[in-house]
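Numbering-wise, the sequence shown is residues -22 to -1, 1 to 312 according to mature numbering (1 follows the signal peptide of the UniProt record, and there is no 0). Working notes, structure below.
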Amino acid sequence: MKKRILSMMLVSALLVSATGCAGKKADTPAASSEAATTSASASASASTGDIKVGVILKTLSSEYWSYVAAGVNAASKDLGVSVDLQGPASETAYDEQNNMIETMLAGGIDAFVISPLQSESVASVIGDVKIPVITVDTDAEIPGKVAFVGTGNDKAAYQGGLFAAEKAGKGTKAVIIGGVEGNATSDARQAGYTRAMEENGIEIVSVQYAQSNPDTAANVMENMITAQSGDIQIVLCHNDDTAAGAATACKQSGLKDVVIVGFDGNQSGVQNIIDGTISATCAQSAYTMGYKAVETAVKSVKGETVKSFVDTGCEVISSDNAKEYLEKLKGYLK
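Okay, structure coming up:
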């Protein structure tokens, strides 16, 4: 009997021991899973840090492009990626930009952001690359392009046109001073302005181009004033420099109470609103363009879905919000 009891006790002890061993084995996969998660997280972080985005803007030597560059640098810091940011000496240094493109692509990058000076030649230089290409500010048909990041120019100009129409009223007359005739950006802005005028019963009596030059714009505006015998209530411009030139001509001609709208929203343009030189500007979010361009490039490298058009929006700046917006612009460049 004693032997039987001892035998039963021995079997029970063995069962408890086996159960304890099984419990330890069940805990092991959980520890391994946690380690694997940590490792995967570290690997993802490392891979993000290894991403290199090449960015070539139209230039780095202007106020507008300094905002785009600030956005690029901010995205690089926030997203933890390496960015090679370059730009030619001016917006007419076509060969310099093309040479930069060749060198950058040969150097090895994971994604490429470009604001083309000459769309066709830039597309030719880029060729059939095997990395994501993102156009910023100015779109172009480029092989490998996955997205365009920039302003919806038609929509933005339409907003500026509505502001002018409300200020001047139905039955007034407007003129448009464009940038470069035949340029896609100029065409889109003209279309937006035109739509706003037509919808509000305002006649566009003249459309001329000033090559985005304030002195040329002043001459063009002077000729328009003469041709229309001063019967002009609205001047819609394709950039802030053109608006400043038009304002100079209006002042010299003694033409008052004219609603002058610019485009871009640079500090100089916003200051002109504060000073009463022009009425408003269609402010592009240049900083956001730079930031979103890098962000879109990184998403593309990671295989994430991106929109083919990332609209960075527009804000009409007038005397109501000019001072606040000017401080915002200054903050980007600190």
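Glycine included, each C-beta is placed from N, C-alpha and C at the ideal position.
Counting along the chain, the unbroken alpha helix (DSSP H) around K133 starts and ends at N131 to A146. The beta carbon of A227 lies closer than 7 Å to those of A196, M199, E200 and I203 in the same chain, with the five residues before and after it left out.
Look at V153 here: in three-state DSSP terms it is strand. Under DSSP, V185 forms a beta bridge with I154. Between P94 and T116, the gap from beta carbon to beta carbon is short of 8 Å. Counting the other CB atoms within 10 Å of its CB gives Q189 a total below 16, which places it among the exposed residues. Our two residues, F241 and A135, have alpha carbons roughly 8 Å apart in a direct line. Counting only residues of its own chain and dropping the five nearest sequence neighbours on each side, A271 has a CB closer than 6 Å to the CB of V91, I112, V114 and V127.
When C-alpha distances from Q206 are compared across H216, K108, L233 and I104, the shortest belongs to L233. With contacts defined as CB atoms closer than 8 Å, G147 and G170 fail to qualify as a contacting pair. Ranking K36, V213 and K55 by CA distance to the CA of E69 puts K36 first.
About 6 Å separates the beta carbon of Q211 from that of K151, a gap short enough to meet the 8 Å contact definition. Here E293 is bridged, per DSSP, to A261. Shown here, V107 sits in coil according to DSSP, grouped into three states, outside any helix or strand. Three or more Cβ pairs drawn from the stretch 71 to 87 and the stretch 95 to 104 lie within less than 8 Å of each other, which places the two stretches in contact. Looking at S164, I252, V183 and G247, the one whose alpha-carbon comes closest to that of H216 is S164.
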